[in-house]
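Asker: Using the working numbering, the letters of the sequence shown correspond one by one to residues 494 to 662.
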Amino acid sequence: MTMKNINKEELKLLYEKDFVLWVEENLKLLKDRQFDKVDWDHLLEEIEDLAGRYVDEVITLMAKIMVNLYKYENFKKDRMDAWIRIILNSRIRLEELFDRMPSLKNKAVNELETAWRFAVIDLVFYFKYPGNEKLIEKYFDGRRPTEKDFPEKCPYTFNQVLEYEPWEL
494 MTMKNINKEE LKLLYEKDFV LWVEENLKLL KDRQFDKVDW DHLLEEIEDL AGRYVDEVIT
554 LMAKIMVNLY KYENFKKDRM DAWIRIILNS RIRLEELFDR MPSLKNKAVN ELETAWRFAV
614 IDLVFYFKYP GNEKLIEKYF DGRRPTEKDF PEKCPYTFNQ VLEYEPWEL
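(1) Tell me whether Asp-549 is buried or exposed, calling it buried when 16 or more other Cβ atoms sit within 10 Å of its Cβ.
(2) Write down every uninterrupted run of the alpha helix (DSSP H) in the region 568-623 whose length is 4 residues or greater and which is fully enclosed by it, in chain order.
(3) Could you tell me whether the region 584-599 touches the region 610-618, using the rule of 3 or more Cβ pairs below 8 Å?
(4) Would DSSP call Met-494 helix, strand or coil?
(5) Can you give me the C-alpha to C-alpha distance between Trp-660 and Leu-562, rounded to a whole angstrom?
(6) Below 8 Å on the Cβ atoms is my contact criterion, and I expect Ala-601 with Met-559 to pass it. Report the Cβ-Cβ distance as a whole number of Å.
(7) Assign Glu-518 to buried or exposed, taking buried as 16 or more other Cβ atoms, counted over all protein chains shown, within 10 Å of its Cβ.
(8) Can the beta-carbon of Val-551 be found less than 8 Å from the beta-carbon of Leu-590?
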């Protein structure tokens, strides 16, 4: 099968076998205005997924901020500068995304609880790392924390995720 003579069914199969080539072929067909040959089903699927990928990135960044805000506030005697750096770097990336795609900010507000659920999972995993035994002893009476040890509802507002700096208090 040469790419010049690829038919619509072969193009659909290419989606599963070689995604990059599938993208290149569809792009070429679109540029050449050969709309009848485009794999529209998969193309529409990919377009729908694009926005979701950015929302996922925003959720991940918000969760990262929440994890480190929570650690900073609740494990005060064991504060680490890295927590502040992670918060600030994640906020910079969030602002870049919001500047480029303003509608993402509106979507992010609605994903606060989702981000918190991911943050709690990250917090639980944080205490599985070797070297955190002292924190477990100090803050959890020697018992490795579970999701039940953290607030069920997000303790931060959207504005706090974007701006709150407990180290400035």
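Quick reminder that beta carbons are idealized off the backbone N, C-alpha and C, glycines included.
Answerer: For this structure:
(1) On the sequence shown, residue 549 is found 56 positions in, with the first residue counted as 1. Counting Cβ neighbours within 10 Å, Asp-549 comes out exposed, since fewer than 16 surround it.
(2) 574-593, 596-602 and 605-619
(3) Touching, no.
(4) Translated into positions along the sequence shown, residue 494 becomes position 1. Here the model assigns Met-494 a pLDDT of 43, short of 50, so the residue's position is not dependable, and the following value carries that caveat. In this structure, Met-494 counts as coil in the three-state DSSP scheme.
(5) Here residue 660 refers to the residue found at position 167 of the sequence shown. Here residue 562 refers to the residue found at position 69 of the sequence shown. Approximately 10 Å between the Cα atoms of the pair.
(6) Reading the sequence shown from its first residue, position 108 is the one you call residue 601. Reading the sequence shown from its first residue, position 66 is the one you call residue 559. Wrong, their Cβ atoms sit about 12 Å apart, outside the cutoff.
(7) Here residue 518 is taken as the residue at index 25 of the sequence shown, counted from 1. Buried, by the Cβ-count rule.
(8) Indexing the sequence shown from 1 puts residue 551 at position 58. Indexing the sequence shown from 1 puts residue 590 at position 97. Closer than 8 Å, so yes.
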